[in-house]
Amino acid sequence: MISAGEFRNGVSFEMDGQVFQVVEFQHVKPGKGSAFVRTKYRNVKTGSVVERTFNP
176 MISAGEFRNG VSFEMDGQVF QVVEFQHVKP GKGSAFVRTK YRNVKTGSVV ERTFNP
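Take the position in the sequence shown, starting the count at 1, then add 175; the result is the number in the working numbering.
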(Lines of atoms letter the chains of each structure in order from A and count residues from 1; the text may use other names and numbers.)
(Lines give C-alpha, C1' and ligand atoms only; values in the text may rest on other atoms or scores of the structure.)
Protein backbone atom coordinates (compact mmCIF):
# COMPACT_ATOMS: atom_id res chain seq x y z
CA MET A 1 0.00 0.00 0.00
CA ILE A 2 1.16 3.54 -0.70
CA SER A 3 1.20 6.26 1.94
CA ALA A 4 -1.70 8.70 2.14
CA GLY A 5 0.58 11.55 1.08
CA GLU A 6 1.07 9.87 -2.32
CA PHE A 7 -2.65 9.79 -3.23
CA ARG A 8 -3.52 11.50 -6.51
CA ASN A 9 -6.57 11.18 -8.77
CA GLY A 10 -6.37 7.98 -10.81
CA VAL A 11 -3.74 6.27 -8.62
CA SER A 12 -4.43 2.58 -7.96
CA PHE A 13 -3.53 0.86 -4.70
CA GLU A 14 -4.14 -2.43 -2.90
CA MET A 15 -5.74 -2.60 0.54
CA ASP A 16 -7.16 -5.65 2.35
CA GLY A 17 -6.46 -7.82 -0.71
CA GLN A 18 -8.57 -5.65 -3.05
CA VAL A 19 -7.53 -3.12 -5.71
CA PHE A 20 -8.88 0.43 -5.50
CA GLN A 21 -8.53 3.55 -7.64
CA VAL A 22 -8.58 7.08 -6.18
CA VAL A 23 -11.52 9.07 -7.56
CA GLU A 24 -11.07 12.20 -5.47
CA PHE A 25 -8.79 13.33 -2.64
CA GLN A 26 -8.36 16.39 -0.48
CA HIS A 27 -5.39 17.13 1.77
CA VAL A 28 -6.65 18.99 4.85
CA LYS A 29 -4.45 20.91 7.31
CA PRO A 30 -6.67 22.19 10.12
CA GLY A 31 -5.49 25.02 12.37
CA LYS A 32 -5.36 22.64 15.32
CA GLY A 33 -4.28 19.04 15.16
CA SER A 34 -2.54 17.00 12.51
CA ALA A 35 -3.14 16.97 8.77
CA PHE A 36 -5.22 14.27 7.10
CA VAL A 37 -6.28 13.16 3.63
CA ARG A 38 -10.00 12.82 2.88
CA THR A 39 -10.27 10.27 0.06
CA LYS A 40 -12.99 8.87 -2.19
CA TYR A 41 -11.91 5.65 -3.91
CA ARG A 42 -13.54 3.03 -6.13
CA ASN A 43 -13.23 -0.74 -5.89
CA VAL A 44 -11.92 -1.77 -9.33
CA LYS A 45 -13.65 -5.17 -9.23
CA THR A 46 -17.10 -4.22 -7.91
CA GLY A 47 -17.27 -0.53 -8.85
CA SER A 48 -18.44 0.53 -5.38
CA VAL A 49 -17.25 3.93 -4.15
CA VAL A 50 -16.07 4.43 -0.56
CA GLU A 51 -15.11 7.58 1.36
CA ARG A 52 -12.43 7.33 4.03
CA THR A 53 -10.03 9.57 5.93
CA PHE A 54 -6.34 8.64 6.15
CA ASN A 55 -3.55 10.11 8.26
CA PRO A 56 -0.34 10.57 6.23
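Here a beta-carbon is modelled for each residue, glycine too, at the ideal position from N, C-alpha and C.
Legend entry - Boundaries (first-last residue) of the beta strand (DSSP E) holding isoleucine 183: The amino acid at residue 183 is misidentified as isoleucine; the sequence shows arginine. Careful: arginine 183 lies outside any beta strand (DSSP E) and carries neither H nor E.
Inset, instruction - Return the residue from the list Val197, Lys204 and Val225 that minimises the CA-CA distance to glutamate 181. - result: For the residues Val197, Lys204 and Val225, the minimum Cα distance to glutamate 181 belongs to Val197.
Inset, instruction - Run the CB neighbour count on phenylalanine 195, radius 10 Å, all protein chains shown included, and call it buried at 16 or more, exposed below. - result: buried
Inset, instruction - Over the uninterrupted beta strand (DSSP E) stretch that includes valine 219, give me the two end residues. - result: No beta strand (DSSP E) holds valine 219; DSSP gives it neither H nor E.
Legend entry - alanine 179 to threonine 214 span [Cα, whole Å]: 9 angstroms
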